[in-house]
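**Q**
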Amino acid sequence: MKKISVLATSALLLASLFAAGPSTAIEQPPKAPDTPADAPAYDPKVAAPKPGDLTWAEVAKVGQSLGTFTEETLKNQISKEVAAPASLSAIAGASGQRCTIDTGNVYKRTSGSIFPYGTVGGHPKTTCNVLMISISQTTSLYKTVWWGLQRVAGPFNSFNQGQASLIQTSPEVICADLRESTFRMFVRSTGTFPTRAVGSASAWEGATLKCGTK
């Protein structure tokens, strides 16, 4: 209930900011709750947050992380997940069984050269030290705007069984021009160990690149 209340308050505050008249924006540019010092300046042309986007208040919660995950058994489905603001995050299972998310870099992809301005994306990978019953991975790409993170591509979902790793090559966004944008790629992985214990972890990586999006 506390999380819902916080998010609802943030949504109401953002709605009031977007409802402000032009003169108000000129005299005192709106500022979203929990805006970091290096956030982009207010831009009235940026659309309001939509489902799947992250306001700065939500980003701040995602950033509260230890980066380590304990196993989640089928008998105890209470999630112990936190999202790691780093390229590596671990899922721990029984008897030293372990999986690690490696986001890799967010970069201008060579394969995107077929488009006039290229593409931006990555190849996030989950690697385990044992053959897993199953691994699933979900990745989304965001760009930084004045009120938070606007999703520009995804979620990209992948799944396999009986493997020790899973890599995604699909996460990417097509550049509309060469404006400079700051991107973040969030990756969430869930794995079922041979013991049937289930673990999950999240991690993100970012980069500033010459790739404007619509």
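Mapping of the sequence shown onto this note's numbering: position 91 corresponds to residue 99, and the numbering continues sequentially without gaps. From the three backbone atoms N, C-alpha and C, an ideal C-beta is built for every residue, glycine too.
Sorted by chain position, which residues of the same chain lie with C-beta nearer than 6 Å to Phe167's C-beta, five sequence neighbours on each side aside?
**A** Here residue 167 corresponds to residue number 159 of the sequence shown, with the count starting at 1. Correct list, in chain order: Ser144.
**Q** Pull up the CB-CB distance for Cys219 and Lys53, whole angstroms please, since I reckon it's below 8 Å.
**A** Residue 219 sits at position 211 when you count from the first residue of the sequence shown. Residue 53 sits at position 45 when you count from the first residue of the sequence shown. The pair is not a contact, with the Cβ atoms about 18 Å apart (cut-off 8 Å).
**Q** Please report the straight-line C-alpha distance between Arg187 and Val128, rounded to a whole angstrom.
**A** The residue you call residue 187 lines up with position 179 of the sequence shown. The residue you call residue 128 lines up with position 120 of the sequence shown. The alpha-carbon atoms of Arg187 and Val128 are separated by roughly 13 Å.
**Q** By Cβ distance, which residues of its chain are closer than 6 Å to Ser142, with the 5 residues on each side in sequence left out?
**A** For the purposes of this step, residue 142 is identified with residue 134 of the sequence shown, where counting begins at 1. These residues qualify, in order along the chain: Gln169, Thr200.
**Q** Mapping DSSP to helix, strand and coil, what is Ile175?
**A** In the sequence shown, counting from the first residue as 1, residue 175 sits at position 167. Strand at Ile175.
**Q** Could you compute how far the alpha carbon of Ala98 sits from the alpha carbon of Cys136?
**A** On the sequence shown, residue 98 is found 90 positions in, with the first residue counted as 1. On the sequence shown, residue 136 is found 128 positions in, with the first residue counted as 1. The straight-line gap from Cα to Cα measures roughly 9 Å.
**Q** What is the DSSP secondary structure of Lys69, reduced to helix, strand or coil?
**A** Reading the sequence shown from its first residue, position 61 is the one you call residue 69. In this structure, Lys69 counts as helix in the three-state DSSP scheme.
**Q** Where Val114 and Trp212 are concerned, what is the direct C-alpha to C-alpha distance, given to the nearest angstrom?
**A** Sequence index remark: in the sequence shown, residue 114 carries index 106 (1-based). Sequence index remark: in the sequence shown, residue 212 carries index 204 (1-based). Those two C-alpha atoms are separated by around 10 Å.
**Q** Along the chain, where does the beta strand (DSSP E) that runs through Arg106 open and close?
**A** Residue mapping note: residue 106 aligns to position 98 of the sequence shown, counting from 1. Its beta strand (DSSP E) spans residues 106-110.
**Q** Using three-state DSSP, classify Thr43 as helix, strand or coil.
**A** As a first step, residue 43 is located in the sequence shown; it is residue number 35 there, counting from the start. Note: Thr43 maps to coil in three-state DSSP.
**Q** Buried or exposed for Ser208, going by 16 or more other Cβ atoms inside 10 Å?
**A** Locating residue 208 in the sequence shown gives position 200, where the first residue counts as 1. Ser208 should be labelled buried.
**Q** If I follow the unbroken beta strand (DSSP E) through Ser103, where does it start and stop?
**A** Position 95 of the sequence shown holds residue 103. Neither: Ser103 is in no beta strand (DSSP E) and is coded neither H nor E.
**Q** Which of the three DSSP states is assigned to Trp64 in this structure?
**A** In the sequence shown, counting from the first residue as 1, residue 64 sits at position 56. Three-state result, Trp64: helix.
**Q** Does the beta-carbon distance from Pro179 to Thr152 come in below 8 Å?
**A** Within the sequence shown, numbered from 1, the residue matching residue 179 stands at position 171. Within the sequence shown, numbered from 1, the residue matching residue 152 stands at position 144. No. Outside cutoff.
**Q** Report, in whole angstroms, the separation of the C-beta atoms of Ile109 and Ser189, which I expect to be a contact under 8 Å.
**A** Locating residue 109 in the sequence shown gives position 101, where the first residue counts as 1. Locating residue 189 in the sequence shown gives position 181, where the first residue counts as 1. No, Ile109 and Ser189 are not in contact; Cβ-Cβ is about 24 Å, not under 8 Å.
**Q** Can you tell me the Cα-Cα spacing of Arg192 and Thr43, whole angstroms?
**A** For the purposes of this step, residue 192 is taken as residue 184 along the sequence shown, with counting starting at 1. For the purposes of this step, residue 43 is taken as residue 35 along the sequence shown, with counting starting at 1. If I take the Cα positions, the gap works out to 16 Å.
**Q** Would you mind stating whether Met140 and Gln176 have Cβ atoms separated by less than 8 Å?
**A** For this step, residue 140 is matched to residue 132 along the sequence shown. For this step, residue 176 is matched to residue 168 along the sequence shown. No, Cβ-Cβ distance for Met140 and Gln176 is not below 8 Å.
**Q** Roughly how many whole angstroms lie between the Cα atoms of Leu96 and Ala215?
**A** Counting from one through the sequence shown, the residue named residue 96 turns up at place 88. Counting from one through the sequence shown, the residue named residue 215 turns up at place 207. Roughly 16 Å separates the two Cα atoms.
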